[in-house]
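Participant: Sharing a structure, written as structure tokens. Questions coming.
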């Protein structure tokens, strides 16, 4: 299963959106759902950020990047 990770990066810090990652993003938002398909994951990630206060108040220099990762990478499962 996949989850979407929404990254908000400042254009001044990462002019190339490909360089935007968890370490240099101004906001990192894991979407609280799981998806079987990368396409579904990406589309829900876009919709999720659009419905947040952060998504509605993006500055002109902010860029949004949605990455889909295996769920345990973002939210590790507890053992024992």
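Numbering (my numbering), first residue to last: 138 to 217.
Built from N, CA and C at the ideal position, the CB exists for glycine as well.
Rounded to whole angstroms, what is the Cα-Cα separation between residue 172 and residue 138?
Facilitator: Counting from 1 along the chain shown, the entry for residue 172 is found at position 35. Counting from 1 along the chain shown, the entry for residue 138 is found at position 1. Those two C-alpha atoms are separated by around 6 Å.
Participant: Mind checking who residue 201 pairs with in its DSSP beta bridge?
Facilitator: Against the chain shown, residue 201 aligns to sequence position 64. Residue 201 is bridged to 145.
Participant: CA-CA distance, residue 127 and residue 161?
Facilitator: Here the chain has residues from 138 to 217 only, and residue 127 is not among them.
Participant: Note down the Cα distance separating residue 159 from residue 170, rounded to an integer number of angstroms.
Facilitator: Position 22 of the chain shown, counted from the first residue, corresponds to residue 159. Position 33 of the chain shown, counted from the first residue, corresponds to residue 170. Those two C-alpha atoms are separated by around 19 Å.
Participant: Drop a sphere of 10 angstroms on the beta-carbon of residue 203, count the other beta-carbons inside from all chains shown, and report buried for 16 or more, exposed for fewer.
Facilitator: Indexing the chain shown from 1 puts residue 203 at position 66. Classification of residue 203: buried, given that the 10 Å Cβ count is 16 or more.
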